[in-house]
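Here is the structure we will look at, set down as structure tokens.
Residue numbers (the working numbering): 17 to 498.
Here it is as structure tokens:
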């Protein structure tokens, strides 16, 4: 049974001292059963013949099993819910979520987790507008934030899975009438799942759902909307202001980035073709986005392919991140069509793409080596490692067919640069993010044998980093064999 599987997964660890943890887990199991009970929904709304029933009539025809009742200690005098609210509480996942938050977190804990999120997590998934974010606004988004942030709080880390499970449940409840908060919650949950053991399938499924929503919302066509058009689509009204517009653009770019990277790792398409060069306006910096709403930036990057390099440095770290992943579009297209071109055509195309990536690397700011790296600039080291990964993947198929040559040299150099980036951030807390192990695993393809064969070039820390990446990340995505 699905509920039994979830119950066993969420069962408190032995020796848990939290008096509320087991209570919340019981609520989770109950809510899963209710969510999956289609018969109850039908009985409450209509008969088999289509005649509508009153709520009282429906209730008389269905009796809750004894194990579907809430623990009595949740309905005592300290509970915010009276006994008369019992039926509503049993069926509304948002009420369950709010109760769980109030039981598991004090107001001080909630503020602490929000601070941790925007300090340590937001730089790697910059989709939430900090000045307008509120814990009480959207429970599914708040729970997703708590799930990510609690990993960085030793006293609350044991509750991260509870927040995640509640976030999944409440997000699913919004699917009947989704909005941007639904999409944001899915993105945050995908980031959480990428770092979970044996959860690659969950992450792929979550990103797939996010892709479907982004497509339904027509976020790719945001830049095509005319000022006089009343509604871009039947799902959403036009953005209320430029801050809302920027949030939608960032969510779309994050979904695009996640789907492209997963497509490359798994060697299959996910929604948007990997080789497609998406044309979109690049995001502005957090500093400009978080400023006074009345102080809209006087100049904005023009709408252009995300692999254009003319505006990234002015736009901010997230724009550079999007561009780095955009480089993989050109690499993927080259590798997929390699056999369709002549040797001279391949050499010309290889030279062209290599120059594009080298130009990007050459324009990358050197501030990522700063030991005081903080805020949105925490994303820069991972972005740089991804750009070197694109260069490695561009030359690697050719390098495998030649024992010596420029592609072999390029691959080795790119692998060493990836490792150098890893060295540069080891002493900067919270700098490495969920995607950094990917480049390390790619570097392992090229460097692992050389570490053994070329003793004069051996660096012990190389092996340590690669082995750590393989042990902590590679197995979750089935990459050890590669």
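Heads up, the beta-carbon is just placed ideally off N, CA and C, and yes, glycines get one too.
- Take the alpha-carbon of residue 336 and the one of residue 434: they are about 17 Å apart.
- Here the region 363 to 370 does not lie against the region 294 to 312, with fewer than 3 beta-carbon pairs under 8 Å apart.
- Taking the Cα positions, residue 423 is about 17 Å away from residue 346.
- Judged by their CB atoms, residue 268 and residue 206 are not nearer to each other than the 7 Å cut-off.
- Between the region 126 to 144 and the region 394 to 406 there are three or more C-beta pairs closer than 8 Å, enough to call the two in contact.
- Three or more pairs of CB atoms, one per stretch, sit closer than 8 Å, so the region 115 to 131 contacts the region 153 to 168.
- For a cut-off of 8 Å, the C-beta gap from residue 426 to residue 400 is around 16 Å, too long to register as a contact.
- The criterion of a C-beta distance shorter than 7 Å is satisfied by residue 405 and residue 455.
- Taking a cut-off of 8 Å for Cβ pairs, the region 124 to 134 and the region 369 to 389 do not touch, as fewer than three such pairs fall below it.
- Put simply, the backbone Cα of residue 252 is about 11 Å away from that of residue 264.
- When the Cα atoms are used, residue 459 and residue 208 turn out to be separated by approximately 24 Å.
- With a contact defined as Cβ atoms closer than 8 Å, residue 199 and residue 222 miss out at about 11 Å.
- Only buried fits residue 338, as 16 or more other CB atoms lie within 10 angstroms of its CB.
- In the three-state scheme derived from DSSP, where H, G and I count as helix and E and B as strand, residue 296 is classed as strand.
- Looking at 409, 358, 356, the one whose alpha-carbon comes closest to that of residue 373 is 409.
- Taking every protein chain shown into account, the CB of residue 192 has fewer than 16 other CB atoms within 10 angstroms, so this residue is exposed.
- Rounded to whole angstroms, the gap between the alpha carbons of residue 176 and residue 122 is 15 Å.
- Nearest in C-alpha terms to residue 355, of all of 189, 413, 371, is 413.
- A Cβ-Cβ separation of about 17 Å leaves residue 342 out of contact with residue 300 under the 8 Å criterion.
- Around the CB of residue 146, fewer than 16 other CB atoms lie within 10 Å, so the residue is classed as exposed.
- Restricting attention to 272, 279, 278, 137, the CA atom closest to the CA of residue 295 is found in 272.
- If only uninterrupted alpha helix (DSSP H) runs of at least 4 residues are considered, those enclosed by the region 346 to 431 are 359 to 379, 396 to 415.
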